[in-house]
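Numbering of the sequence shown is given in the UniProt record's numbering, commencing with residue 1 and proceeding in unit increments.
These notes concern the structure reproduced below.
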Amino acid sequence: MTLQTSSLEVQSLKRILQITGKGVTHLAFELSPSIEGLGFMIYTDGSKMDNAVGSAYTVFHNGTEVQTWKCHMSPHNSVFQAEALALLKAIEWAQTTRAEYFTIYTDSLSVLYAINDPRHTSPLVFQIQETLRNTSPFPKLGISWVKAHVGDQGNERADTLAKEAAQDRYAVQKD
1 MTLQTSSLEV QSLKRILQIT GKGVTHLAFE LSPSIEGLGF MIYTDGSKMD
51 NAVGSAYTVF HNGTEVQTWK CHMSPHNSVF QAEALALLKA IEWAQTTRAE
101 YFTIYTDSLS VLYAINDPRH TSPLVFQIQE TLRNTSPFPK LGISWVKAHV
151 GDQGNERADT LAKEAAQDRY AVQKD
């Protein structure tokens, strides 16, 4: 199985060390040399259909899916919350894996902008910021936006998993 990916320039999430109180004062997306195709490629997604919400990620390594995670959420949750939870869980999974390269792809620009805002009010965004801040530095971690529904195999797989999780109220998989 060959993983087809869009040709995107990977953006690294760089942590700035100036911290005031609790939280991150600044997270910046800066262009870095592309690490696309190296190491683990993690795709995240969230889905809301009618009164159903799901969150998921999938991990590919050398073109093979090696890990999935999905979770059914309360119908009161938003797509933003589902997308943010998927990103958080993907980062947490990456923390547990001893590998040199990770690229996390999300189709949620709103979550990317939110984690770059030190004053964002979402508890999930705060948790993502804290996780990135308190994690020992990854050798190479990229977080990149990928356009949705254009045939990117990894993004489509994450979308399918998120929809499955939304429809199955018992869908909870621990990573």
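Cβ atoms here follow ideal geometry from the backbone N, Cα and C, with glycine treated the same way.
Nothing here was measured: the structure is a model prediction, and the numbers come from that model.
*For the alpha helix (DSSP H) containing V59, list its first residue and its last residue.*
Mapped onto the sequence shown, residue 59 falls at position 59. Segment 52-61 is the beta strand (DSSP E) holding V59; no alpha helix (DSSP H) there.
*Same chain, Cβ closer than 7 Å to P75, five either side skipped, listed in chain order*: Translated into positions along the sequence shown, residue 75 becomes position 75. So the list reads N51, A52, V53, once near-sequence residues are dropped.
*So is T131 in contact with chain C if we call contact Cβ pairs under 7 Å?*
This model lacks chain C altogether, as it is built from one protein chain only.
*Pick from A82, S78, Y101, N77: whose alpha carbon is nearest that of R40?*
Here residue 40 is taken as the residue at index 40 of the sequence shown, counted from 1. Before going on, a small fix: residue 40 reads as Phe here, not Arg. When only C-alpha atoms are compared, the closest one is Y101.
_Backbone secondary structure at E92 - three-state DSSP_ = To locate residue 92, count along the sequence shown from 1; it is residue 92. Shown here, E92 sits in a helix according to DSSP, grouped into three states.
*Specify the secondary structure class of G151 as computed by DSSP and reduced to three states.*
Here residue 151 corresponds to residue number 151 of the sequence shown, with the count starting at 1. In the structure shown, G151 sits in coil (DSSP, three-state: anything other than H, G, I, E or B).
*Closer than 7 Å by C-beta to I128: which residues in its own chain qualify, once you throw out the five before and the five after it? Chain order, please.*
On the sequence shown, position 128 is the one that residue 128 refers to. A84, L87, L88, I91, I115, listed in sequence order.
_Endpoints, beta strand (DSSP E) assigned at Y101_ = Position 101 of the sequence shown, counting from 1, holds the residue named residue 101. Counting along the chain, the beta strand (DSSP E) containing Y101 begins and ends at 101-106.
_Selected residue, minimal CA-CA separation from T58, among C71, M49, K48, T44_ = Reading the sequence shown from its first residue, position 58 is the one you call residue 58. Among C71, M49, K48, T44, the Cα nearest to that of T58 belongs to T44.
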